[in-house]
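Asks: The structure follows.
Residue numbers (the working numbering): 32 to 149.
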């Protein structure tokens with residue numbers, strides 16, 4: 032059995048939980064918001080928190096971001112395959128996934144007319 036998934040009823044509880052892991056300048060910024068801007072949406076809204084802290088301090092989980100990017104990556108009909116595969120490889124490298132999983136993700140991202148040729 033894997034780890035228990037934590038769910039939150041309120042966005043503010045999720046923000047508080049995530050903020051408890053902040054360190055350094057990110058923690059200092061969060062503390063300043065609490066003191067000087069207690070009504071800032073980043074303190075009570077999860078998406079605002081993620082947007083604000085990601086834009087200021089970078090992505091906190093590059094592997095998760097790459098995985099998300101691969102799941103959402105689709106080759107469009109007007110896109111060149113070489114352009115698409117370069118983007119795919121960039122994200123694939125970050126995930127550390129094995130060949131079989133990457134092949135599946137690639138097949139999901141390709142349009143049908145290219146899959147028919149494989």
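We put the beta carbon where it would ideally sit given N, CA and C, even for glycine. Keep in mind that this is a model prediction, so the values were computed, not measured.
Would you give the residue range spanned by the alpha helix (DSSP H) that residue 38 belongs to?
Replies: What you label residue 38 is simply residue 7 of the chain shown in a count that begins at 1. Here residue 38 belongs to no alpha helix (DSSP H), and DSSP marks it neither H nor E.
Asks: Which runs of the alpha helix (DSSP H) at least 4 residues long sit entirely within the region 55-116? Give them in chain order.
Replies: Listed in chain order, the complete alpha helix (DSSP H) runs (minimum 4 residues) inside the region 55-116 are 55-67, 77-88 and 93-103.
Asks: Taking residue 137 as the reference, give the member of 127, 123 and 144 with the closest Cα.
Replies: In the chain shown, the residue the question calls residue 137 occupies position 106. Out of 127, 123 and 144, 123 has the C-alpha closest to the C-alpha of residue 137.
Asks: Answer yes or no: do residue 112 and residue 140 have a C-beta to C-beta separation smaller than 9 Å?
Replies: Taking the first residue of the chain shown as 1, we reach residue 112 at position 81. Taking the first residue of the chain shown as 1, we reach residue 140 at position 109. No, Cβ-Cβ distance for residue 112 and residue 140 is not below 9 Å.
Asks: Figure out for me which residue from 130, 103, 129 and 61 has the closest Cα to the Cα of residue 118.
Replies: One-based indexing of the chain shown puts residue 118 at position 87. Minimum Cα distance to residue 118 is reached at 103.
Asks: Using DSSP with H/G/I as helix, E/B as strand and the rest coil, what is residue 137?
Replies: Start at 1 with the first residue of the chain shown, and residue 137 comes out as number 106. Helix.
Asks: Measure the CB-CB distance between residue 46 and residue 74 and report whether it falls below 9 Å.
Replies: The sequence position of residue 46 within the chain shown is 15, counting from 1. The sequence position of residue 74 within the chain shown is 43, counting from 1. Taking 9 Å as the Cβ cut-off, residue 46 and residue 74 qualify as a contacting pair.
Asks: Would you mind sorting residue 196 into buried or exposed? The rule is 16 or more other CB atoms within 10 Å of its CB.
Replies: This structure gives no information on residue 196, because the portion of the chain shown stretches from 32 to 149.
Asks: State buried or exposed for residue 67, treating a residue as buried only when at least 16 other CB atoms are found within 10 Å of its CB.
Replies: By one-based count along the chain shown, residue 67 stands at place 36. That one is exposed.
Asks: Quick one, which of 60, 53, 87 and 133 has its alpha-carbon nearest residue 100's?
Replies: As a first step, residue 100 is located in the chain shown; it is residue number 69 there, counting from the start. Ranking the options by Cα distance to residue 100, first place goes to 133.
Asks: Residue 78 to residue 85, Cα distance in whole Å?
Replies: By one-based count along the chain shown, residue 78 stands at place 47. By one-based count along the chain shown, residue 85 stands at place 54. Approximately 10 Å, taken between the alpha carbons.
Asks: Tell me the DSSP secondary structure of residue 130 in three-state form.
Replies: Looking up residue 130 in the chain shown gives position 99. Here residue 130 sits in helix by DSSP.
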